[in-house]
Amino acid sequence: MAYDYEKSIRPGKLPHIWCPGCGHGIVMKGLIRAMDTCELDRNNTAIVSGIGCASRLPGYLDACTLHTAHGRAAAFATGVKMAKPEMTVICCGGDGDGTAIGGNHFIHACRRNINMTYVIMNNFIYGMTGGQFSPCTPTGMKASTTPYGNPDPVFDISKLAIGAGATFVARTTAAHPREIDKLIAQGIKHNGMSIIEVLDDCPTSYGRRNKFRSVVDMMKRLKKDAVPAKAAAKMTPEQLEGKFLTGVLYHDNEKAEYTEQYAALIKRVQEGA
Amino acid sequence: MTRTLLTGNGAAAWGMRLARADYLPAFPITPQTEIIETVASWINRNEIECRMTTLESEHSMLTAAGAAAATGVRVFSATSSQGLLYGMEMLYTVAGWRAPLVLVNVSRGLAAPITLEPDHNDILAARDCGALQIHCATCQEVLDSILLAYRLAEDWRVRLPVIVNLDGFYLSFTREPVQIPEAAAVNRFLPPFDSGNLCFRASAPTSQAVAVLGGGPYSYFRYQAYLAAMNALGVFEEIGQEFRKQFGRSYDLLDTYHCDDADILFVMLGSFATKAREAVDHLRASGQAVGLVRPRLLRPFPKMALQRVLAGKQGVAVIDQNLSPGGGFLYTELATALYDQSTAKPLLVNFIGGLGGRDISREEFFEIAAETRRAVTAGTAPLPRLLFTAAELREVRKLQAIAGSRREPPRREP
Ligand SMILES: Cc1ncc(C[n+]2csc(CCOP(=O)(O)OP(=O)(O)O)c2C)c(N)n1
Ligand code: SF4
Numbered sequence: 035m036a037y038d039y040e041k042s043i044r045p046g047k048l049p050h051i052w053c054p055g056c057g058h059g060i061v062m063k064g065l066i067r068a069m070d071t072c073e074l075d076r077n078n079t080a081i082v083s084g085i086g087c088a089s090r091l092p093g094y095l096d097a098c099t100l101h102t103a104h105g106r107a108a109a110f111a112t113g114v115k116m117a118k119p120e121m122t123v124i125c126c127g128g129d130g131d132g133t134a135i136g137g138n139h140f141i142h143a144c145r146r147n148i149n150m151t152y153v154i155m156n157n158f159i160y161g162m163t164g165g166q167f168s169p170c171t172p173t174g175m176k177a178s179t180t181p182y183g184n185p186d187p188v189f190d191i192s193k194l195a196i197g198a199g200a201t202f203v204a205r206t207t208a209a210h211p212r213e214i215d216k217l218i219a220q221g222i223k224h225n226g227m228s229i230i231e232v233l234d235d236c237p238t239s240y241g242r243r244n245k246f247r248s249v250v251d252m253m254k255r256l257k258k259d260a261v262p263a264k265a266a267a268k269m270t271p272e273q274l275e276g277k278f279l280t281g282v283l284y285h286d287n288e289k290a291e292y293t294e295q296y297a298a299l300i301k302r303v304q305e306g307a
Numbered sequence: 025m026t027r028t029l030l031t032g033n034g035a036a037a038w039g040m041r042l043a044r045a046d047y048l049p050a051f052p053i054t055p056q057t058e059i060i061e062t063v064a065s066w067i068n069r070n071e072i073e074c075r076m077t078t079l080e081s082e083h084s085m086l087t088a089a090g091a092a093a094a095t096g097v098r099v100f101s102a103t104s105s106q107g108l109l110y111g112m113e114m115l116y117t118v119a120g121w122r123a124p125l126v127l128v129n130v131s132r133g134l135a136a137p138i139t140l141e142p143d144h145n146d147i148l149a150a151r152d153c154g155a156l157q158i159h160c161a162t163c164q165e166v167l168d169s170i171l172l173a174y175r176l177a178e179d180w181r182v183r184l185p186v187i188v189n190l191d192g193f194y195l196s197f198t199r200e201p202v203q204i205p206e207a208a209a210v211n212r213f214l215p216p217f218d219s220g221n222l223c224f225r226a227s228a229p230t231s232q233a234v235a236v237l238g239g240g241p242y243s244y245f246r247y248q249a250y251l252a253a254m255n256a257l258g259v260f261e262e263i264g265q266e267f268r269k270q271f272g273r274s275y276d277l278l279d280t281y282h283c284d285d286a287d288i289l290f291v292m293l294g295s296f297a298t299k300a301r302e303a304v305d306h307l308r309a310s311g312q313a314v315g316l317v318r319p320r321l322l323r324p325f326p327k328m329a330l331q332r333v334l335a336g337k338q339g340v341a342v343i344d345q346n347l348s349p350g351g352g353f354l355y356t357e358l359a360t361a362l363y364d365q366s367t368a369k370p371l372l373v374n375f376i377g378g379l380g381g382r383d384i385s386r387e388e389f390f391e392i393a394a395e396t397r398r399a400v401t402a403g404t405a406p407l408p409r410l411l412f413t414a415a416e417l418r419e420v421r422k423l424q425a426i427a428g429s430r431r432e433p434p435r436r437e438p
């Protein structure tokens with residue numbers, strides 16, 4: 035029987051704005067399945083986003099959703115989590131939203147290790163505004179603002195998250211839909227900052243410009259370049275050239291979670307007084 | 025001179041091109057993006073000499089813009105809405121540096137709720153930052169205003185950033201016939217930027233933007249910037265006349281239409297005023313003495329010019345495409361401007377319309393005129409009135425049902 039996604043969609047919100055073939059829809063389905071796996075209570079789940087095509091995602095879901103300002107998702111989510119630590123907080127957004135204009139909030143949320151799950155949809159471009167390069171546009175690839183190929187070095191979102199202090203970091207792609215929900219579910223269950231980077235596709239603003247013939251072409255490319263972290267351990271640097279790792283990249287259960295640490299501090303100070 | 029069809033965004037790009045800006049820091053945002061894309065394509069084809077960088081936000085974009093202007097080069101940039109607000113911290117700073125640059129703002133309503141369509145709350149939020157503001161109603165005016173803006177910004181008596189505003193969608197994406205002036209004529213009107221002491225020169229280090237502790241120096245420099253802004257009123261009139269001599273189009277502080285013999289005036293900003301103009305024609309045809317005033321320069325506020333046109337009028341309908349606690353911005357500003365006159369003041373009636381791109385229909389302008397006349401007869405002005413229909417309320421109720429919103433105040437137990 036087909037999976038029942040309908041029950042998690044806010045009635046009257048469809049059709050969505052995404053272009054045919056856009057990877058964000060695949061991620062939304064993955065998120066719905068993960069929320070089901072974790073048996074999340076809709077009334078107690080906040081899903082927060084910034085601005086961009088990816089950030090439209092929460093608006094379609096039947097939960098407590100908040101569509102905010104460009105780049106600010108992590109800051110809003112922090113506010114929600116601090117005010118209501120008992121809520122499950124999920125952040126959604128694009129690579130531009132999370133690492134360009136919102137890069138500051140992103141790294142600081144990681145540093146604090148506050149318990150939330152940030153699903154960052156990396157389609158290598160600013161999709162919504164028509165395909166300008168983002169900090170994640172691979173060097174050499176074309177964007178409307180880099181007609182000769184992007185000269186800038188890129189952010190590796192997962193590495194950035196690990197470096198900044200997130201305690202659960204995983205990566206997958208829209209071409210691995212079944213891994214998306216598994217990793218998001220692990221992230222939700224993890225007590226701390228979880229970053230789930232999903233490499234997906236923007237056929238409209240990235241694919242066409244970079245001579246991908248079709249969405250299938252883009253998916254094949256994601257599949258071809260993905261190397262499961264476990265398999266990578268047995269590969270040489272030459273074999274890994276141009277590839278990226280998928281699966282759980284980092285998991286630390288030791289580092290204190292921010293809201294718990296905060297509550298403990300209040301308790302300690304009050305008892306000490 | 026070439027006559028061609030251009031969008032408001034296209035006209036803005038042409039303004040930048042003719043002004044020969046040296047540097048363009050950019051960040052995309054709808055509905056402005058077309059401006060930077062147009063300029064980028066010219067740079068790409070080697071048609072203009074300009075350096076462009078795409079920053080990671082408007083905050084860094086305006087920082088780079090101000091810093092570049094402070095080194096003495098001619099700078100252009102463009103933004104919209106949330107972007108203008110995000111860069112706001114730097115607008116104050118750059119104005120304080122007295123670094124002249126021209127920023128185009130393509131007006132768009134502010135969140136929340138999130139919208140893409142125009143109103144003036146974004147640009148009016150920048151009213152106190154020290155940057156000057158020119159508001160445009162047509163694509164021709166956009167191009168010409170950018171040239172005027174550079175003259176104004178770079179004038180020795182002013183030396184401040186200038187924001188040129190055009191309405192998103194209604195003007196940014198509407199094609200109108202535009203005369204593109206000859207480059208040679210523009211060069212005569214707008215010579216290369218003489219930055220004077222505003223420069224970074226290895227042989228002559230100066231320290232810029234130093235901190236001042238204690239209110240004295242701070243007050244001095246802020247007041248100096250204020251006086252410079254006020255100078256812009258006279259300077260604008262001067263360069264407007266020069267512009268007319270050079271190009272044949274005239275730009276005064278105010279755009280007035282059928283004001284002389286009118287007893288009722290509409291006052292409003294931007295491209296929606298062209299709708300008011302059309303309504304004035306209809307009202308005149310039916311025998312009503314109605315006119316229209318559209319301030320071009322909004323910062324500094326052309327107080328004396330407004331006092332002069334409004335003198336002797338019975339009623340003034342101030343149509344604000346923005347909303348602030350206390351009423352519309354233009355309404356409160358105009359009321360202040362008229363206060364210190366000894367002669368009889370017209371009755372001001374405030375209407376809030378065109379928020380988030382909502383249209384203002386011809387019939388609504390008729391109703392505005394009628395309501396203003398009723399207020400004049402009654403001798404008192406009603407509270408600011410929102411233009412809003414029953415059909416619109418029904419649409420809102422549908423959206424609220426989908427969002428599941430429950431915003432009723434908590435019920436008190438009896
Ligand atoms: C302060 C501010 N600046 C700029 C914008 C314009 N803007 C909207 S979405 C976007 C980029 C979106 O890219 P990304 O986050 O990667 O998401 P995608 O659309 O690719 O899913 C930009 C620059 C904005 N909304 N607010
Ligand atoms: S522009 Fe790109 S990211 Fe946006 S909906 Fe279309 S395909 Fe998706």
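Chains as they are written, first to last, in my numbering: chain L, 35 to 307; chain V, 25 to 438. For every residue, glycine included, the Cβ atom is placed at its ideal position computed from N, Cα and C.
CB contact flag (residue i, residue j, <7 Å)
i        : j        : result
V:ALA119 : V:GLY154 : yes
V:ALA405 : V:LEU371 : yes
V:GLN157 : V:ALA102 : no
V:THR280 : V:VAL317 : yes
L:GLY127 : L:ALA88  : yes
L:LEU279 : L:THR207 : no
V:ALA161 : V:THR28  : no
V:GLN365 : V:GLN338 : no
V:SER169 : V:VAL182 : no
V:MET254 : V:PRO324 : yes
V:LYS451 : V:LEU362 : Here chain V has residues from 25 to 438 only, and residue 451 of chain V is not among them.
L:ASN156 : L:THR171 : no
L:TYR240 : L:PHE158 : yes
Residue i versus the options, residue with shortest Cα-Cα distance
i        : options                                   : result
L:ILE124 : L:ILE218, L:ASN147 and L:ILE43            : L:ILE218
V:TYR250 : V:THR367, V:LEU184 and V:ALA329           : V:LEU184
L:PRO187 : L:THR179, L:THR173, L:LEU194 and L:ILE196 : L:THR173
L:SER168 : L:ILE148, L:PHE189, L:VAL153 and L:TYR182 : L:PHE189
L:GLN166 : V:THR54, V:ILE343 and V:SER385            : V:THR54
V:ARG41  : V:ASN221, V:VAL210 and V:LEU140           : V:VAL210
L:TYR152 : L:VAL303, L:SER83, L:CYS170 and L:ARG242  : L:SER83
L:VAL203 : L:PRO181, L:THR133, L:ASN225 and L:ILE230 : L:ILE230
L:CYS72  : L:ALA117, L:GLY221 and L:SER192           : L:GLY221
V:VAL202 : V:ASN33, V:LEU278 and V:PRO216            : V:ASN33
L:ALA143 : L:GLY164, L:THR163, L:ILE159 and L:PHE110 : L:PHE110
V:SER295 : V:PHE375, V:GLY272, V:GLY192 and V:ILE204 : V:GLY192
V:ARG175 : V:TYR247, V:ALA256 and V:ALA329           : V:ALA256
V:PHE51  : V:ILE67, V:MET25, V:ALA89 and V:ARG44     : V:ALA89
Cross-chain neighbours of residue i in chain L, by beta carbon under 7 Å
i        : result
V:ILE147 : Those do not exist, as V:ILE147 stays about 18 Å from chain L at its closest Cβ, beyond 7 Å.
V:ALA64  : THR179
V:ALA135 : ALA103
V:GLU178 : Per Cβ cutoff of 7 Å: no residues; V:GLU178 is ~28 Å from chain L at best.
V:GLU61  : SER178
Range covered by the alpha helix (DSSP H) that runs through residue i
i        : result
L:PHE189 : Note, L:PHE189: premise wrong, no alpha helix (DSSP H); not H, not E.
V:PHE100 : No alpha helix (DSSP H) contains V:PHE100, which is instead part of the beta strand (DSSP E) from 100 to 103.
L:ASP129 : 129 to 133
V:GLU200 : Where V:GLU200 is concerned, there is no enclosing alpha helix (DSSP H), although the beta strand (DSSP E) it sits in stretches over 200 to 204.
L:VAL61  : 58 to 71
L:TYR94  : 91 to 94
V:ARG386 : 386 to 402
Extent of the continuous beta strand (DSSP E) to which residue i belongs
i        : result
L:GLU231 : 227 to 233
V:ILE158 : 156 to 159
V:ASN189 : 186 to 191
Where residue i meets chain V, residues with beta-carbon distance less than 8 Å
i        : result
L:THR163 : PRO52, ILE53, THR54 and THR57
L:HIS317 : Only positions 35 to 307 of chain L appear in this structure, which leaves residue 317 of chain L out of reach.
L:PRO169 : GLU80
L:ILE81  : Simply none; closest approach about 14 Å.
8 Å Cβ cut-off: residues of chain L touching residue i
i        : result
V:ALA426 : Note on residue identity: the sequence assigns Ile, not Ala, to residue 426 of chain V. Residues of chain L passing the Cβ test: ARG44, PRO45, GLY46 and LYS47.
What residue ranges within the stretch 285 to 373 of chain V form continuous beta strand (DSSP E) runs of no fewer than 3 residues, ordered along the chain?
The qualifying runs are 288 to 291, 314 to 319, 321 to 323 and 339 to 344.
Can you give, in chain order, each stretch of the alpha helix (DSSP H) that sits fully within the stretch 248 to 275 of chain V and has at least 4 residues?
none
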